[in-house]
Amino acid sequence: MKPWETNIRKVVPYVPGEQPDQQHVIKLNTNENPYPPAPGVMESLYAFDADRLRLYPDPEAKVLVNALAKRYRVKPEQVFVGVGSDDVLAMAFLTFFHADKPILFPDITYSFYEVWADLLRIPYRKAPLNDHFRICREDYDTANGGVVFPNPNAPTGELESLEVVEDILQHNQDVIVIVDEAYIDFGGKSALPLIEQYDNLLVVQTFSKSRSLAGMRIGYAFGSPELIGYLNDVKFSFNSYTMNQLTLTAGAAALEDEAYFRKTIHKIKATRERMKEAFRELGFVFGDSQSNFLFVTHPRAAAKELFEALKQEHIYVRYFAKPRIDNYLRITIGTDEQMDILVDFLRTYLKK
Ligand code: PMP
C-alpha cells in the first residue's frame, strides 16, 4: 500500500445489475418497467426550452415536490425528493442513523443498505427472515439505532401487511423507521397514511419501477415536516442541486397521467400472475410476490447454471451469490412476449 492510501476511505461498493449494450437482449435483471413512460413525459421534454439550462435548477425542486404533494394528498413540507430512491435512502441513512446502537434490517434485503452503513460507519445488525422469507416482527423489538426495510421486500418480493409495519413502528418510537416502498405500487398498501400518526416514519418511493423512469433518476420520501426538515438540512449541506431541470419537468409530467399509470401497473400485475402459473407448472418454487419480479428456485436446476444458460440466450436475470439465496433467481416481469420466450426456453432447458 502506498503511504497516501493509508487514510483513504475504502469501501466495498454496491454492484448494480448489468446494463448490457447489445440491442436484442431480454432484460429482466434490474426490475425496470418494460413499458415506456407516460406520453406526457416525452411531450414535456420536447416542449422544454433549452435556454433554461443556463440557469441552476430550483434547489427546492418545488415543481416536483408540489406535484407529489397534490397526487399523494400531503403537504409539500412532508415531501423530499432525490436522484432516485438510492439518493433519498443514502441521505436518510446519513441524516437519521447517527446512534451508537446498531440499526436493524433483514438479512435478505436490498444489498445497498449494508453498503451505506459501511460507508457511513453506521453499526448494523441483520435480523434473519424466517424460512418463508418473512419478517419476524419480534426481532425489531430490541434497542436499536434505527430500522429500515423494504416493503415489498427485495429480492424476495414478499409483502408484509400494514399491521406488521405498524407493529414495528409501535415498538420503535424513539428511532427513525424507514420503509422502502420501491415496489409498493405493484401490490399492497402503502404506509404513507401512518406518517400522520408517527412523526418518526419515513416512507420512500421511486419513479424507477411503476412510472417507467429508471433512467431519469427520481425518488421521493414522505414524512413529518420535522423529519423532512432534517433531511433537507443535510441535503443542502451536501449538494443543493440534486434534481436537474429536465428531471423536474419529466417527473411532474409523469404524475399527471394517472390513467396511464394504472393501466401499466395492471398489465404488469396480470403478466406476473400468469407467470406464477407458468413457473409453478415448470416446477419452480417461489413466494407470492407482490412486486414486479419473481424470486424463484427449482428443485432440479441449479440457479447459477440456469442464470448462465439464460445469458447465453441473451436473457438477463439476476443471480445473487449470497448466503440463503444462492440457489434463487430474481426475474423481472417483462412484456407478455418477453416472458413467453423465457418460459419456452425454461421448458426446453428443464427437459434436458
Ligand atoms: N430500494 C429497493 C428495494 C430497490 O430494489 C431499488 C432498486 N435497485 C431501489 C431502492 C433504488 O431504486 P432507484 O434508485 O432507481 O429509485
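So the number in this note's numbering is just where the residue sits in the sequence shown, counting from 1, plus 1. Heads up, the beta-carbon is just placed ideally off N, CA and C, and yes, glycines get one too.
Whole angstroms are fine: how far does the CA of residue j sit from the CA of residue i?
| i | j | result |
| --- | --- | --- |
| residue 60 | residue 344 | 47 Å |
| residue 189 | residue 129 | 22 Å |
| residue 54 | residue 255 | 20 Å |
| residue 222 | residue 203 | 6 Å |
| residue 163 | residue 179 | 14 Å |
| residue 159 | residue 45 | 36 Å |
| residue 18 | residue 295 | 16 Å |
| residue 2 | residue 10 | 14 Å |
| residue 109 | residue 140 | 14 Å |
| residue 268 | residue 67 | 28 Å |
| residue 211 | residue 191 | 14 Å |
| residue 132 | residue 346 | 29 Å |
| residue 25 | residue 71 | 40 Å |
| residue 304 | residue 322 | 10 Å |
| residue 342 | residue 20 | 20 Å |
| residue 48 | residue 73 | 26 Å |
For residue i, which residues in the same chain have their Cβ closer than 8 Å to its Cβ, ignoring the five residues on either side in sequence?
| i | result |
| --- | --- |
| residue 336 | 35, 36, 272 |
| residue 174 | 199, 201 |
| residue 12 | 116, 119, 120 |
| residue 427 | Lying outside 2 to 353, the shown extent of the chain, residue 427 is not represented and no answer is given. |
| residue 301 | 284, 351 |
| residue 166 | 152, 180, 192, 195 |
| residue 266 | 186, 187, 211 |
| residue 76 | 70, 226 |
Taking residue i as the reference, which of the options has the closest Cα?
| i | options | result |
| --- | --- | --- |
| residue 228 | 78, 46, 193, 333 | 78 |
| residue 22 | 315, 45, 136, 334 | 315 |
| residue 243 | 67, 88, 226, 317 | 88 |
| residue 297 | 350, 287, 3 | 287 |
| residue 50 | 348, 320, 247 | 247 |
| residue 283 | 94, 267, 348 | 348 |
| residue 92 | 8, 210, 303, 241 | 241 |
| residue 214 | 251, 25, 185 | 251 |
| residue 176 | 264, 262, 142, 238 | 142 |
| residue 43 | 75, 90, 217, 70 | 217 |
| residue 245 | 76, 69, 84 | 84 |
| residue 107 | 73, 48, 324 | 324 |
Within its chain, find whatever has a CB closer than 6 Å to the CB of residue i; leave out the 5 residues flanking it on each side and keep chain order.
| i | result |
| --- | --- |
| residue 181 | 151, 205 |
| residue 64 | 249, 253 |
| residue 207 | 86, 183, 220 |
| residue 113 | 15 |
| residue 258 | 39, 41 |
| residue 161 | 136, 152 |
| residue 261 | 39 |
Can you name, in chain order, every residue of its own chain whose Cβ lies under 7 Å from the Cβ of residue i, other than the five neighbours on each side?
| i | result |
| --- | --- |
| residue 168 | 138 |
| residue 111 | 151, 155, 181 |
| residue 318 | 29, 30, 308, 311, 330, 331, 332 |
| residue 196 | 79, 202, 204, 223, 224, 225 |
| residue 170 | 178, 195, 199, 202 |
| residue 320 | 304, 305, 308, 330 |
| residue 62 | 82, 244, 249 |
Can you check whether the C-beta of residue i is within less than 9 Å of a C-beta belonging to chain C?
| i | result |
| --- | --- |
| residue 71 | Included in the structure is just one protein chain, with no chain C present. |
The ligand PLP and residue i: does any heavy atom of the ligand fall closer than 8 Å to the residue's C-beta?
| i | result |
| --- | --- |
| residue 211 | Absence of the ligand PLP is noted for the structure shown, with the ligand PMP being the only ligands found. |
_Meets three-Cβ-pair contact criterion under 8 Å: the segment 280-293 and the segment 148-162_ = yes
*Could you say if the segment 118-126 and the segment 95-103 meet the contact criterion of at least three C-beta pairs nearer than 8 Å?*
yes
*Could you tell me whether the segment 25-45 touches the segment 322-333, using the rule of 3 or more Cβ pairs below 8 Å?*
yes
*Quick one: any contact between the segment 133-148 and the segment 87-101, if contact means 3 or more CB pairs under 8 Å?*
yes
*Only counting runs of 4 or more residues, tell me where the alpha helix (DSSP H) segments fall wholly within the segment 260-331, in order along the chain.*
304-313
_Extract the residue ranges of the alpha helix (DSSP H) inside the segment 54-82, only unbroken runs of 4 or more that lie entirely within it._
63-72
*Only counting runs of 4 or more residues, tell me where the alpha helix (DSSP H) segments fall wholly within the segment 210-263, in order along the chain.*
226-237, 246-257
*Residue ranges of each beta strand (DSSP E) within the segment 104-160, 3 or longer*: 104-107, 125-128, 148-151
*Identify every run of the alpha helix (DSSP H) within the segment 157-203, keeping only runs that are complete inside it and at least 4 residues long; order them along the chain.*
163-171
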